[in-house]
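Undergrad: Below: one structure in structure tokens.
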Amino acid sequence: KAGVTQTPRYLIKTRGQQVTLSCSPISGHRSVSWYQQTPGQGLQFLFEYFSETQRNKGNFPGRFSGRQFSNSRSEMNVSTLELGDSALYLCASSLEQRNTEAFFGQGTRLTVV
Amino acid sequence: KQEVTQIPAALSVPEGENLVLNCSFTDSAIYNLQWFRQDPGKGLTSLLLIQSSQREQTSGRLNASLDKSSGRSTLYIAASQPGDSATYLCAVRRGDYKLSFGAGTTVTVRA
């Protein structure tokens with residue numbers, strides 16, 4: 001079956017712009033989570049969605065937001081981009097239960113110049 | 114707050130040697146622990162998932178153990194190959210739906 005699909009794979013944006021990243025989970029998976037990966041901070045949790053509801057949010061400024069659609073696809077948006085937002089953004093999908101396996105996409109590499 | 118530590122940060126071994134990667138976590142109230150592999154610039158590939166009620170899990174040359182009471186997990190990779198070179202990450206999941214990750218162990222297997 002198809003894995004987690006993230007688009008686009010690469011993005012270059014200018015400071016102050018906004019960006020939207022997309023994630024399509026594995027078919028049947030209703031939970032989608034987003035993570036930011038940087039060399040200095042490692043993998044940090046952004047937020048988790050289930051059935052279009054945000055169930056948990058990490059310690060990121062309000063410039064970072066997300067949503068989930070009825071087909072479980074999710075988007076995250078970053079407004080007023082800063083240089084420090086340059087990172088690999090990873091999306092993970094899993095079934096509803098907390099004790100199920102998480103599967104990650106290939107990520108979106110965002111570079112802010 | 115859940116803290117996850119992986120030691121060592123980097124490891125270099127000759128081909129054929131067994132690999133032992135360690136992961137420790139501070140809060141034992143976990144649902145499960147998952148081991149991932151990450152190649153440079155790529156996403157995470159799930160290797161093994163151990164539920165909190167399990168002691169170990171095996172897949173091919175990989176074996177992972179879990180001692181929840183002491184907050185430790187170990188990933189063993191038997192008979193390492195150059196293709197095993199990657200960064201290995203462990204992550205624990207608690208009731209708040211998020212995964213807490215360690216910083217990873219970067220493995221180099223020399224041919």
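Residue numbers (this note's numbering), protein chains in the order written: chain B, 1 to 113; chain R, 114 to 224.
Every residue gets a Cβ at the ideal spot worked out from N, C-alpha and C, and that includes glycine.
1) Would you report the Cα separation of Lys135(R) and Ala123(R), rounded to the nearest angstrom?
2) Could you round the C-beta distance between Cys203(R) and Val117(R) to whole angstroms and report it? I think they count as a contact, below 8 Å.
3) Taking all protein chains shown into account, do 16 or more other C-beta atoms lie within 10 angstroms of the C-beta of Gly105(B), making it buried, or fewer, making it exposed?
4) Can you pull the chain B residues whose beta carbon is under 9 Å from the beta carbon of Ala216(R), in chain order?
5) Could you compute how far the alpha carbon of Phe103(B) sits from the alpha carbon of Thr5(B)?
6) Please tell me whether Ser168(R) has its Cβ less than 8 Å away from any Cβ of chain B.
7) Who are the near neighbours of Glu128(R) in its chain, counting only those whose CB is closer than 8 Å to its CB and skipping five residues on each side?
8) In chain R, what lies closer than 7 Å to Phe103(B) by C-beta?
9) Any beta carbon of chain R sitting closer than 8 Å to that of Gln54(B)?
TA: Straight from the coordinates:
1) Looking at the sequence itself, residue 135(R) is Asn, so the reference to Lys does not match. Approximately 11 Å, taken between the alpha carbons.
2) 7 Å
3) So Gly105(B) counts as buried.
4) Gly42 and Leu43
5) 10 Å
6) The question names Ser, yet the displayed sequence has Arg at residue 168(R). Chain B contact via Cβ: absent.
7) Ser193, Gln194, Pro195, Val222, Arg223 and Ala224
8) Ser159
9) Output row for Gln54(B): interface = no.
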